[in-house]
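Right, one structure below, let's go through it.
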Amino acid sequence: MSRLRSALEGHLTDLQRILKVVFGRSPLVKGNVYELARKCGKANCVCTRGELHRSMVLTWSEQGKSRLRSIPSGRVTEVKKKSEEYLRFRRARARVTEIHREILAVMDRIEKLRREEPLR
Numbered sequence: 002m003s004r005l006r007s008a009l010e011g012h013l014t015d016l017q018r019i020l021k022v023v024f025g026r027s028p029l030v031k032g033n034v035y036e037l038a039r040k041c042g043k044a045n046c047v048c049t050r051g052e053l054h055r056s057m058v059l060t061w062s063e064q065g066k067s068r069l070r071s072i073p074s075g076r077v078t079e080v081k082k083k084s085e086e087y088l089r090f091r092r093a094r095a096r097v098t099e100i101h102r103e104i105l106a107v108m109d110r111i112e113k114l115r116r117e118e119p120l121r
């Protein structure tokens, strides 16, 4: 029983640590930032010889469709940081779900050990 209580306390400690990410105030931007290289389609452009046009973009999924938006060069660092914060938040959220499942499993085992048969 004491091992189960210790496990429960450990899960609660993990939960407190993870919730610090959730309680943060940093802005979040859904998506991934990366460099896109592509051809423009003009016949005489340098991109037809392999020197592709490069730009930083943000891509994300919305209502089942992939979206892509070009990021102005002055905002790349800002958007990338917000995107990374969003990823941290989503990972923390997923971990909270796992911890809750684990807590409930431990609580079920504690209940089983403590429960007595009903009076007859």
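Each number in this note's numbering corresponds to the 1-based position in the sequence shown with 1 added. No residue lacks a Cβ here, since even glycine has one placed at the ideal position from N, Cα and C. Since this is a predicted model, take the numbers as computed values, not measurements.
Span of the beta strand (DSSP E) around residue i
i, result
"S62", "H54 to E63"
"L37", "N33 to R39"
"S3", "Premise fails: S3 lies in the alpha helix (DSSP H), S3 to V23, not in any beta strand (DSSP E)."
"L69", "K66 to S71"
Residue i vs residue j beta-carbon contact at 9 angstroms
i, j, result
"S56", "S71", "yes"
"N33", "T60", "yes"
"L16", "K83", "no"
"V80", "A8", "no"
Beta-carbon proximity list for residue i, same chain, < 7 angstroms, skipping 5 on both sides
i, result
"R110", "L5"
"V22", "R89, F90 and A93"
Start and end residues, alpha helix (DSSP H) containing residue i
i, result
"R115", "V77 to R115"
8 angstroms CB neighbourhood of residue i in its chain, flanking five on each side removed
i, result
"T49", "K40 and K43"
"I19", "A93, R96, V97 and I100"
Proximity to residue i [Cα-Cα], best of the options
i, options, result
"S2", "G25, K113 and K21", "Looking at the sequence provided, one finds Met at residue 2 rather than Ser. Comparing Cα-Cα distances from M2 to each of G25, K113 and K21, the minimum goes to K113."
"H12", "G75, P73, R102 and Q64", "R102"
"R76", "M108, V58, R115 and V107", "V58"
"F24", "E86, R115, E118 and E10", "E86"
Cβ-based neighbour list, residue i, same chain, cut-off 6 angstroms, excluding 5 preceding and 5 following
i, result
"A38", "L53 and R55"
"K31", "W61 and Y87"
"I104", "H12"
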